[in-house]
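What follows is a short report on a single structure.
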Amino acid sequence: MSEKVRVRFAPSPTGPLHMGGVRTALYNYLFAKKHGGDFILRIEDTDEKRFVEGAQQYIIDSLKWCGIEPNEGAGYGGEFGPYIQSERKDIYKPYAEQLVESGHAYIAFDTPEELENMREQAKKMGLPNWQYNGITRSSMKNSLSLSKEEVEKRLAAGEPYSIRMKMPRNQDIKFEDIIRGWVTVNTNNLDDKILYKPSGMPTYHLANIVDDHTMKITHVIRGEEWLPSAPLHVLLYDAFGWDRPQFAHLPLILRPDGNGKLSKRDGDRLGFPVFPLNWTTAEGEIYSGYKESGYFPEAFINMLSLLGWNPGNNEEIFSLEEMVDKFSLERVGKSGARFDPDKTKWFNQQYLRSTDDQSLSIMVKPHITGTYSDEYIAAVCGLMKERATFIQDIVKEGDYFFTEISSYDEKTVQKKWKEDTPEIMQDLIAAFEGITDWNTANIEAIFSQYLEKNEYGFGKVGPGFRLLVTGKGMGPSMFDICAVLGKEVVLKRMREGLDKVNALKTTA
Ligand code: GLU
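Residue numbers (my numbering): 1402 to 1909.
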């Protein structure tokens, strides 16, 4: 590749960015970084009717959270701006006119009502898919069917018009897609798409091509849903006499059951987020995001990287730098990639485990009420992280580090709290009282001595001990827990818990 690689992520601000969109952004980012190129953010807001307030900022915030920020574009600046299409409005008209002049496009005066009528009539005649194309255009109101004078008269009178692509008949359009190989589409399957709207706005197609060309985009990496538009785009490049960029259409992301495309509505319905960040609709409805659900951006991005791409071996955990190093479009598959919410949790668990206790404690802090030293919180994180998937789990599963015991695990009480357990606990309390240097090793030593002396197995003493100190039936090593909690707290809980658990047992 001799020219500088320049790729763009070009979302439309029609709502929050779906994780499929984030994957598109990620692959663009990886490709750009891999080739020392530019990653550009362009906002494609030519569809006024679908514009959603706040969506643009959401896109920028999401990329930032994911750590895949553009180095040029909307919110970042650069020498090819503006990067928001509505701010480039005036750029497009001369291009549309150029195509009319060269005979690749034409002016059409048909009103929305007239078009609707046409469709209705066709439907009645048993033709449900009426199209404005090489066959029907001669019976419509346009610069190809009307006389030159008539067209001029209408233009002079300020009649609204569209500019439409004059789709050639029966021509095979061929282009090579990096992921899909050669794609051939016959123009008889394509309609005369509107390029320029009566509102003075270009449509997506025209704006997209003009911008990709003028912004010197070398590779168009986007979702498969844009593949049907690619033949028109190719024709437009040819009509302008411009070099085509290289295309790479990414595979769909499928629902966990493999049935169809993962949609924006699937997330909360199926119990997992599909958006990077929380999104609140104008009606106040909240859609959950990965961030607020407790995911690490690194885990989210790692998971996304493998939805369509594979490194060619079994490796699964990659830092962003490693992804850049290993990524190639050649290793992106054609078939849909099934999204697996459980695997996504697994990724989070891996990241959580590999995060050091100090850093975890900073993340855990906002979830805690009460004041604890950083060392204390870090020690809790160290004990709990092997069992946690999310930061919140550390606080949830390890609640006994931050609150007094308010309930005791029912099953353990009924099954493990035997008649002689209270007495055994009394003995244990007495043995613990004698420990002067309260640490894991000493607590364990005293505990083991006690078992040995009485010829007890762990199962006879351990569960009751855990119940009194934590209220639970399971958890990390009791000696570690006790060391972190401190002698005073442990002994107090043991003493005060005895009566409480006894009461639970007798009433049961
Ligand atoms: N504006 C399109 C979208 O919303 C971008 C398609 C493209 O990348 O060409 O996804």
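Even for Gly, the Cβ is constructed at its ideal location relative to N, Cα and C.
What you are looking at is a predicted structure, and each value in this text was computed from that prediction instead of being measured.
Per-residue DSSP class, three states only, for residue i
i	result
I1441	strand
A1523	helix
W1680	strand
Y1477	coil
F1740	coil
K1692	coil
G1504	coil
W1747	helix
K1450	helix
G1865	helix
F1728	coil
V1675	coil
A1779	helix
F1410	strand
G1421	helix
G1858	coil
R1943	Any answer about residue 1943 is impossible in this case: the structure gives the chain only from 1402 up to 1909.
H1620	strand
A1884	helix
A1789	coil
I1687	strand
Proximity below 7 angstroms, CB of residue i to CB of residue j
i	j	result
V1586	M1420	no
I1610	H1634	yes
L1892	M1826	no
R1443	G1474	yes
R1754	K1786	yes
T1790	Q1750	yes
I1469	A1506	no
Q1457	P1414	yes
G1874	T1822	no
E1454	F1510	no
Y1605	A1497	no
M1602	T1772	no
G1695	I1792	yes
V1733	W1710	yes
I1536	S1563	no
H1650	E1686	no
F1880	T1841	yes
Y1638	D1592	no
Q1522	A1608	no
I1844	C1883	yes
M1568	T1588	yes
I1461	G1476	yes
L1500	S1463	no
Y1801	G1863	no
M1895	L1868	no
Y1688	F1701	no
Rounded distance between the beta-carbons of residue j and residue i, thought under 8 angstroms
i	j	result
I1579	L1708	About 17 angstroms separates the two Cβ atoms, so there is no contact after all.
L1705	E1693	About 17 angstroms; that fails the 8 angstroms criterion.
K1744	P1652	Their Cβ separation, rounded to whole angstroms, is 17 angstroms, which puts K1744 and P1652 out of contact at 8 angstroms.
Y1428	I1622	6 angstroms
R1409	I1441	4 angstroms
Y1857	A1832	Going by Cβ atoms, the distance from Y1857 to A1832 rounds to 12 angstroms, so no, they are not a contact pair.
V1885	Y1809	That pair is no contact at about 20 angstroms.
R1424	M1616	Going by Cβ atoms, the distance from R1424 to M1616 rounds to 22 angstroms, so no, they are not a contact pair.
L1431	V1725	5 angstroms
Heavy atom of ligand 2 within 6 angstroms of residue i beta-carbon
i	result
P1412	In terms of ligand content, the structure shown lacks ligand 2 and carries ligand 1 instead.
Which runs of the alpha helix (DSSP H) spanning at least 4 residues fall entirely within the segment 1526-1611, listed in chain order? 1549-1557
Touch check for the segment 1666-1683 and the segment 1766-1774: three-plus C-beta pairs under 8 angstroms? no
Enumerated in chain order, which unbroken segments of the alpha helix (DSSP H) with a length of 4 residues or greater are wholly contained in the segment 1630-1658? 1631-1641
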